[in-house]
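**Q**
Listed below in structure tokens is the structure:
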């Protein structure tokens, strides 16, 4: 066999070379339960979704650690990119070569701030970035710094945080409100996000999808807590979320001016989800405020989702919410479609399909 032919075979079979051949060779995910695909299964915490009926509509059916009945937005993005689902960083079965196509660092209950999930033993954005830095070192050991930098510069980075910061660490935390008014707390979150994104950029990241906070005041648990009538969203909760989201829009504009070699796609989760919940039937849904899996009450959200005490709806695809907080696979699929093909009203300044189509092969 000729040396050139042998070399070609070696290159084609080398996973690192194959990864570099793709427009978006890898997919890295940071965040909370909206994108956690099972990392919390490997730590000591009560915040887990590792038993049925979670995952009952996944393929194959079974609890994976995803806080839904099936797939998450990140799963649909990976499928669009023609990449495997990113491996969970904490999975002890992951080999170094598995890291080439991407890694999921997300942790249910986590926040931008270290304090947000500390008492529950989950990993903040800061911790997740430190884990990413470890992954970068592994990749550099496999192929060198130059090739790793090229891989990371063309990879997609999804960030989905801040819901827990605002809801659990501020709205439900009178102690925190003694020291920060809303504007001050928003600045705290924005500054933390800025530092974290610039750290990722320093390690080579250039293509970001960053989600704002969805309308948490429309979740079944908030409707129960505030005694909402007829599924009307809790205005006071959503007002604070809109305030924070408006600050993030300004922040993204500043980021684009500073990090000119980057693409920042602002996923307008609030706008998308609110639009769907206001007109569920036009999106194939029937139930916009009642949890599919729960335990009693008008919104089926008086208790957690599990086989022992919960009632589970017959068709989750007709529901926006799976449990008292988290969306169904059906709602996640609708959001993912906006990520990939949506207009600037949903994802700004352009969608993922446009970004990928303009990336060099």
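Numbering (mature numbering (1 follows the signal peptide of the UniProt record, and there is no 0)), first residue to last: -23 to -1, 1 to 338. Note that the Cβ used here is the ideal one computed from N, Cα and C, for glycine as well. Remember, it's a predicted structure, so these values are computed and weren't measured experimentally.
1) Does the structure place the region 42 to 49 close enough to the region 93 to 107 that three or more beta carbon pairs sit under 8 Å?
2) List in chain order: all unbroken beta strand (DSSP E) runs of 3+ residues lying wholly within the region 242 to 295.
3) Taking only three categories from DSSP, how would you classify residue 64?
4) Classify residue 322 as buried or exposed, calling it buried when 16 or more other Cβ atoms lie within 10 Å of its own Cβ.
5) Buried or exposed for residue 41, please, with buried defined as at least 16 other CB atoms from any protein chain shown within 10 angstroms of its CB.
6) Applying the criterion that 16 or more other CB atoms from any shown protein chain within 10 Å of the CB defines a buried residue, is residue 33 buried or exposed?
7) For residue 222, which residues of its own chain have a beta-carbon under 7 Å away from its beta-carbon, when the five flanking residues on both sides are left out?
8) Would you please state the rounded distance, in angstroms, between the beta carbons of residue 270 and residue 30? I believe it to be under 8 Å.
9) With a threshold of 16 other CB atoms inside 10 Å of the CB of residue 152, please say whether the residue is buried or exposed.
10) Is it right to say residue 122 is buried, meaning 16 or more other beta carbons lie within 10 angstroms of its own, or is it exposed?
11) Return the CA-CA distance between residue 128 and residue 44, expressed in angstroms with no decimal places.
12) Assign residue 25 to buried or exposed, taking buried as 16 or more other Cβ atoms, counted over all protein chains shown, within 10 Å of its Cβ.
13) Taking just the CA atoms, how far does residue 119 sit from residue 296?
14) Determine the direct distance from the alpha carbon of residue 60 to that of residue 334, and round the result to whole angstroms.
**A** Put simply:
1) no
2) If you keep only unbroken beta strand (DSSP E) runs of at least 3 residues inside the region 242 to 295, you get 264 to 268.
3) strand
4) exposed
5) buried
6) buried
7) Residues 189, 190, 247 of the same chain have their beta carbon placed closer than 7 Å to that of residue 222, with the five preceding and five following residues left out of the count.
8) 6 Å
9) exposed
10) exposed
11) 30 Å
12) buried
13) Each residue's alpha carbon lies about 45 Å from the other.
14) 16 Å
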